[in-house]
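A quick write-up on the structure given underneath.
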Amino acid sequence: MFFDKGQPLTLSASDGQSITVRMEINPRAKRLILRLDEAKREAVAVAPSKRHLKAAAQFASDRRDWIAARLAQLPQQTGLVEGAVFNLRGAPCEISLEGAGRRASLLAGTPQQLCLPGDPETVSRRAARYLKKAAREDLSEAVERHCATLGVDARKVSVKDTRSRWGSCTSDGGLAFSWRLIMAPHSVLDYVAAHECAHLLEMNHSPRFWAHVARCCPGWKKERDWLRRHGRALHAVTV
1 MFFDKGQPLT LSASDGQSIT VRMEINPRAK RLILRLDEAK REAVAVAPSK RHLKAAAQFA
61 SDRRDWIAAR LAQLPQQTGL VEGAVFNLRG APCEISLEGA GRRASLLAGT PQQLCLPGDP
121 ETVSRRAARY LKKAAREDLS EAVERHCATL GVDARKVSVK DTRSRWGSCT SDGGLAFSWR
181 LIMAPHSVLD YVAAHECAHL LEMNHSPRFW AHVARCCPGW KKERDWLRRH GRALHAVTV
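For the sequence shown, the UniProt record's numbering begins at 1 and goes up steadily by one.
This is how it looks when you write it as structure tokens:
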């Protein structure tokens with residue numbers, strides 16, 4: 001197998017599907033690792049060192065059909081463009097463009113209508129701005145409520161576009177969340193907020209931690225399971 005170091009590896013699956021594999025070196029890796037970058041829809045082969053890159057490439061090549069099958073299971077991507085339908089707080093929402101006006105507005109209905117000012121070139125940016133603001137507002141409200149229940153204070157609440165986790169808590173009381181939670185049902189967003197607020201008391205996942213979560217969100221298991229089943233779809237919305 002020909003492999004050019006420093007370049008992505010291109011493979012062909014048994015069904016003819018072309019697969020791109022990004023080659024990476026991570027000195028902390030104990031072994032060869034093959035994973036998916038769902039955002040870029042490509043595989044990533046990780047080697048512990050430069051001299052292991054060829055072995056990592058072969059490792060990926062031997063598993064090309066597995067990669068193809070995993071990629072085929074990813075939800076279809078949706079761009080935040082005019083006419084696109086995505087979920088907002090768990091319900092369908094369609095993006096519409098209005099030439100006049102300066103502010104975005106949300107109209108009730110089935111589906112909901114997210115009306116954005118501007119032109120087609122700015123729709124995605126304006127939609128993302130609206131969703132991030134809505135996420136920050138909903139999460140801030142949930143954090144304030146759960147902190148009151150637990151008798152703790154969050155130093156700061158921020159939203160980011162994280163890929164590996166839905167929320168995080170720092171040792172100094174800062175909470176960060178994925179803005180994509182605004183697309184999930186509100187009960188799911190509320191659970192993630194409760195989860196991170198509980199970390200203000202317990203920086204672990206001990207029985208005591210889960211007891212704190214249950215005080216804020218008695219149905220947390222159902223909400224956690226929803227994220228495990230549908231979380232990929234939230235990341236399939238591109239901005």
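Don't be surprised by glycine CBs; every beta carbon is placed ideally from N, CA and C.
Cβ-heavy atom distance, residue i to the ligand FAD, below 8 Å
| i | result |
| --- | --- |
| ASP225 | Ligands in the displayed structure: none, and consequently the ligand FAD is not present. |
Presumed contact (8 Å Cβ cut-off) between residue i and residue j, rounded CB distance
| i | j | result |
| --- | --- | --- |
| CYS169 | GLU141 | Going by Cβ atoms, the distance from CYS169 to GLU141 rounds to 18 Å, so no, they are not a contact pair. |
| PRO185 | ARG31 | In fact, because the Cβ distance is near 38 Å, the residues do not count as touching under 8 Å. |
| ALA104 | TYR130 | 4 Å |
| MET23 | ALA72 | Contact doesn't hold; Cβ gap of about 22 Å is too wide. |
| VAL143 | ALA154 | 5 Å |
Burial state of residue i (16 or more Cβ within 10 Å)
| i | result |
| --- | --- |
| ALA135 | buried |
| HIS205 | exposed |
| TRP66 | exposed |
| ASP62 | exposed |
| SER178 | buried |
| ALA55 | exposed |
| ALA69 | exposed |
| ALA211 | exposed |
Top-ranked residue by Cα proximity to residue i, from the options
| i | options | result |
| --- | --- | --- |
| GLU223 | PRO207, TRP166, LEU114 and ALA56 | TRP166 |
| ASP172 | SER178, VAL152, LYS160 and THR162 | VAL152 |
| LEU181 | ARG70, ALA91 and ARG28 | ALA91 |
| ASN26 | LEU53, ILE95, ASP15 and GLN77 | LEU53 |
| ARG102 | PRO111, GLY83, ARG126 and LEU80 | ARG126 |
| ALA29 | ASP161, LYS50, PHE209 and GLY118 | LYS50 |
| VAL159 | GLU82, ARG145 and LEU175 | LEU175 |
| GLU121 | VAL157, LYS133, GLY231 and GLU82 | GLU82 |
| ARG163 | LYS133, ARG232 and ARG208 | ARG232 |
| LEU139 | VAL188, LEU97, ASP119 and GLU98 | VAL188 |
| GLN76 | PRO207, GLU38, PHE209 and GLU98 | GLU38 |
| ASP161 | PRO207, HIS146, ILE95 and LYS133 | LYS133 |
| ALA60 | ILE95, VAL21 and SER96 | VAL21 |
| GLU137 | LEU116, VAL157, LEU97 and LEU34 | VAL157 |
Residues near residue i in its chain [Cβ-Cβ closer than 7 Å; skip 5 each side]
| i | result |
| --- | --- |
| MET183 | PHE86, ASN87, LEU88, LEU234 and VAL237 |
| SER18 | THR10 and SER12 |
| VAL239 | LEU80, SER124 and ALA128 |
| ARG41 | LEU71 and LEU74 |
| PRO218 | none |
| ARG208 | GLU202 |
| residue 313 | Examination of residue 313 is not possible in this model, given that the chain is present from 1 through 239 alone. |
| VAL213 | ALA194, HIS195, ALA198 and TRP220 |
Contacts around residue i, its chain only, beta-carbon distance under 6 Å, and the 5 residues preceding and following it disregarded
| i | result |
| --- | --- |
| ASP15 | none |
Contacting residues, own chain, Cβ-Cβ under 8 Å from residue i (five flanking each side not counted)
| i | result |
| --- | --- |
| ARG215 | THR149 and LEU150 |
| CYS93 | VAL85, PHE86, ASN87, LEU106, PRO111, GLN112, GLN113 and LEU114 |
| THR78 | ALA84, VAL85, PHE86, ALA236, VAL237 and THR238 |
| ARG35 | ALA43, VAL44 and VAL46 |
- Message: Check whether the stretch 44–58 and the stretch 184–203 touch, using three or more Cβ-Cβ pairs below 8 Å as the test.
- Response: no
- Query: Just checking, does the stretch 184–199 make contact with the stretch 221–235 on the three C-beta pairs under 8 Å criterion?
  - Reply: yes
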